[in-house]
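Protein chains in written order, with this note's numbering: chain C, 269 to 573; chain Y, 982 to 1284.
Structure, rendered in structure tokens:
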């Protein structure tokens, strides 16, 4: 990207900090996102959640929802145990981002955005497990965070980004292609900078930076390749950005696939059709989770602690 | 988690236990034999199909039913009956709109571009295993609706074949009730059907014109070799009844039957995994298909 644009965007990202008060738990939460989940202590998570009354309430509500078998969960600790660290972590992150971004700045509908992000997180993790990538947890995080740049563009370039989404929906085209035309940069550039600004690991930064650019993928490493493939798969299974894209993707010939196969030969033997049906099966769960955490009903529900 | 979801679904019959590992074995068995797959979250569908067979047989537990499918003398017949249950109700018009969207948005534009270069403006479709004709009639409606748009200047025909004479006779008659037409709009009903009483509609001449029905056994090598120059093949829930060796042979025939750049569609939960390596799997919005790329397309995709 042109150096001038880069500097401009970077200055704008710094402004993000002052746009709205980030919840106090964001900083410790980001620290926690960098750890594999077996390094996280349940007590720390419980403490973090208990800081914030409304987040604690949402956590309990989710744990008590029919999705998780309507357990009678009354403490934050048992809610965390019921939901599992992975889910709690991504839910906390989602709630934080929802707090940071003013309601009128959401360009992509929040539920579409989180369905795609959580969907991609799950698919990246499952694919990582299938190919025997050693750190599936990290793959989950890379999937969860890969599209953060959309939030940057929503907040800092609201009007122009809204136009991008309108054009992309009208043309059934990939959003990053339209971003390039209208903004001169994409959510990949913006996401890279936000991830760097937050001090996330190089691999997570690269996943955000490279997931749409097949020319960068071979050098970017396995995580970026996995995220690229998961992103494509999710978009073909109606977990896109809230509009129907025209797509025809030969994943086996994709540069990311070809790169991964050289290091992870298990990919060659992966039953991709079966994997796709498994995603469809898991999709109901993703949609239900997103609706429970971010859906209109849960936002409107009274907060009780 | 998946197990939790499965447990949350209402039990199908009083004696069916969705958590029973025998169902996973039945799932894996039907996938291995037929290529039809049930994700764990969709297992309740398989369980309800098994329940019907178990009731018919008077079998009490899924593990006992698994024996009927694996070790009893009549296992092959029973497997066939279960597959019949699994695919029952699969045939109505416009059953898979995602396939038609893929045709309209990606596949046909691609094929028209490749074939337009050689000025032979003709398209051939084949519904292999057309049963009672819902699929070829759907395809014919779709293509007729595109006649003046996407397909302006092109001609097309649909070969619709089946092994079963009774099915073919019904397909030729083209008389359908409300179930088969549940996804067909009033506009299309008026345009392509006539009322034949008894709440039935019959395909009119306009709709029948592009379809040519024929009896073909997909295992008949000499007849399969004869089919040439096809652009798109639909073969939904047919290969599931074939053993692996026959399946391989049929799919290899399909590959030869197709022109370079052509596509093969299967039923929506079917897979060719470990059946054929020549076809390339392509993901479209909400559906997948198998592709025989032209030499130029293959080189382009690998770059």
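By construction, the Cβ of each residue, glycine as well, lies at the ideal position given by its N, Cα and C atoms.
Cβ of residue 1252 (chain Y) within 8 Å of any chain C Cβ: Output row for residue 1252 (chain Y): interface = yes.
Inter-residue Cα distance where the pair is residue 1112 (chain Y) and residue 1201 (chain Y): Spanning the two alpha carbons is a distance of roughly 18 Å.
Neighbour flag for residue 521 (chain C) against chain Y, beta carbons, 8 Å: Residue contact with chain Y for residue 521 (chain C): present (Cβ-Cβ distance below 8 Å to some residue of chain Y).
CA nearest to the CA of residue 1193 (chain Y), picked from Y:1239, Y:1145, Y:1077, Y:1140: Y:1140
Sequence-distant residues of the same chain with beta carbon closer than 8 Å to residue 1057 (chain Y), five excluded per side: none
Cutoff 8 Å; reference residue 1274 (chain Y); Cβ partners in own chain excluding five residues on either side: 1241, 1242, 1261, 1282
Residues that residue 1086 (chain Y) contacts on chain C, provided the C-beta gap is smaller than 7 Å: 514
Chain C within 8 Å of residue 1018 (chain Y), Cβ atoms only: yes
Through-space distance from residue 307 (chain C) to residue 1107 (chain Y), alpha-carbon basis: 57 Å
Assigned secondary structure, residue 1163 (chain Y) (DSSP; H/G/I helix, E/B strand, else coil): coil
DSSP three-state assignment for residue 991 (chain Y), whether helix, strand or coil: Interpretation of residue 991 (chain Y) is limited by its pLDDT of 40, a score under 50 that renders its predicted location unreliable; the figure taken from the coordinates is listed afterwards. Note: residue 991 (chain Y) maps to coil in three-state DSSP.
CB contact below 8 Å: residue 530 (chain C) versus chain Y: no
Minimum Cβ-Cβ distance from residue 552 (chain C) to chain Y less than 8 Å: yes
Sufficient close CB pairs (3 or more, under 8 Å) joining the segment 493-511 of chain C to the segment 1217-1226 of chain Y: no
Extent of the continuous beta strand (DSSP E) run through residue 529 (chain C): Not the beta strand (DSSP E): residue 529 (chain C) falls in the alpha helix (DSSP H), residues 523-531.
Which listed residue (Y:1026, Y:1052, Y:1081) has its alpha carbon closest to that of residue 1247 (chain Y): Y:1081
Positions along the segment 1264-1276 of chain Y whose CB lies within less than 9 Å of some CB in chain C: 1264, 1265, 1266, 1267, 1268, 1269, 1270, 1272, 1274
Cβ distance (whole Å) where residue 1183 (chain Y) is taken to contact residue 1155 (chain Y) below 8 Å: 6 Å
is_contact[residue 491 (chain C), chain Y] using C-beta, thresh 8 Å: Closer than 8 Å: no.
7 Å Cβ shell around residue 558 (chain C) - same chain, five flanking residues per side excluded: 379, 382, 383, 386
Per-residue DSSP class, three states only, for residue 411 (chain C): helix
Cross-strand partners of residue 1270 (chain Y) (DSSP beta bridge): Y:1263
Where the alpha helix (DSSP H) containing residue 1025 (chain Y) begins and where it ends: 1024-1038
Any chain C beta carbon closer than 8 Å to residue 1023 (chain Y): So, interface residue.
Residue 1133 (chain Y) vs residue 1143 (chain Y) beta-carbon contact at 8 Å: no
Element boundaries [beta strand (DSSP E), containing residue 1243 (chain Y)]: 1239-1247
For residue 275 (chain C) and residue 352 (chain C), the rounded distance between their alpha carbons: 40 Å
For residue 447 (chain C), the residue or residues it bridges with in DSSP: Residue 447 (chain C) is not bridged to any residue.
Contact belief for residue 523 (chain C) with residue 472 (chain C) at Cβ below 8 Å, rounded distance in angstroms: Contact flag wrong, Cβ pair sits at about 20 Å.
Cross-chain neighbours of residue 1262 (chain Y) in chain C, by beta carbon under 8 Å: 518, 519, 520, 540, 541
Coil, strand or helix - residue 1157 (chain Y) by DSSP: strand
Residue-chain proximity (residue 499 (chain C), chain Y), Cβ-Cβ < 8 Å: no
Closest residue to residue 443 (chain C) among C:340, C:497, C:407, C:514 (Cα-Cα distance): C:514
Close Cβ partners of residue 359 (chain C) (< 6 Å) along its chain, the five nearest in sequence each way excluded: 561
Neighbourhood of residue 1223 (chain Y) by C-beta distance below 7 Å, restricted to the same chain and skipping five residues each side: Taking C-beta separations shorter than 7 Å and ignoring five residues to either side along the sequence, the partners of residue 1223 (chain Y) in its chain run 1231, following chain order.
Rounded straight-line distance, which links the Cα of residue 374 (chain C) to that of residue 367 (chain C): 11 Å
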